[in-house]
Amino acid sequence: MRVLIVDDSIIAREGLRRLLEAEGHRVVDAVGRPDQAPGRVATEHPDAVIMDIRMPPTFTDEGVALALALRRTTPALPVLVLSQYAVPEYATRLLEGGADGIGYLLKDRILEPMQLSHALHRLGAGGTVVDPDVVGELILARRAGDVLSRLSARELEVLRLMAEGLSDKGIAERMWVSTNTVGTHVQHIFQKLELPGTPASNRRVLAVLALLQRR
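In full-length UniProt numbering, the protein residues as written are 1 to 215.
Listed below in structure tokens is the structure:
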């Protein structure tokens with residue numbers, strides 16, 4: 001994939017470049033300021049953008065704002081936001097802007113080049129990637145008096161893995177159960193969260209949004 005990197009740290013930019021190139025990706029550019037990104041997207045037409053969250057000028061949520069801005073102008077552009085912090089609000093804002101092709105991972109989660117590459121390919125295929133730590137914090141915060149309290153421990157585990165973008169087969173392999181068992185859990189999640197069953201509804205994405213929006 002052709003990737004644009006946006007990070008104010010030159011160490012982070014060059015580190016990401018090496019990780020990506022090790023997996024056969026091509027870095028079309030690596031810029032240090034959020035305001036440089038829209039122009040590079042327009043000229044380079046990358047297959048995906050990887051960015052930090054906290055960048056100049058305020059070092060708060062510039063990455064979230066940039067991701068949403070890029071998606072407004074280029075809706076199909078996969079965007080992976082990396083952060084040192086598990087902030088559920090960031091994930092909620094990102095997914096509310098459209099969940100397909102959006103990812104939010106903690107930097108500490110990237111231990112091998114393959115992990116970063118897998119996340120990019122998942123986003124490129126229209127999937128959604130949310131860090132398990134973010135999902136875990138949301139679940140803990142909402143267990144009492146919330147619709148999520150209807151879910152069993154096993155169903156919550158399935159929902160966490162759905163948030164990572166895994167298919168039923170991928171979840172089955174992670175949990176060491178059959179695909180049919182996962183399918184049953186997924187259907188129970190849909191029912192308990194009272195998600196619509198129309199063919200046009202991507203209920204997997206809606207389930208993750210239900211988790212992220214009930215904060």
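Don't be surprised by glycine CBs; every beta carbon is placed ideally from N, CA and C.
For clarity, every value in this text was computed on a predicted model and none was experimentally measured.
Asked, Found
"Residues bridged to Y90 (per DSSP)", "The partner list for Y90 (beta bridge, DSSP) is empty, contrary to what the question assumes."
"Ranges of the beta strand (DSSP E) found wholly within the UniProt domain \"Response regulatory\" (2–122), counting only runs of at least 3", "2–6, 26–31, 48–52, 79–83 and 102–106"
"Cα-Cα separation, L94 to A163", "13 Å"
"Simplified DSSP state of V134, which is helix, strand or coil", "helix"
"Alpha-carbon to alpha-carbon, L105 and V135", "11 Å"
"Alpha-carbon spacing of A42 relative to A119, whole angstroms", "23 Å"
"Where D108 falls, given that 16 or more other Cβ within 10 Å makes a residue buried", "exposed"
"Backbone CA spacing between T179 and P56 [nearest angstrom]", "45 Å"
"Coil, strand or helix - V177 by DSSP", "coil"
"Nearest-angstrom beta carbon gap, P78 and L123 [assumed within contact, 8 Å]", "4 Å"
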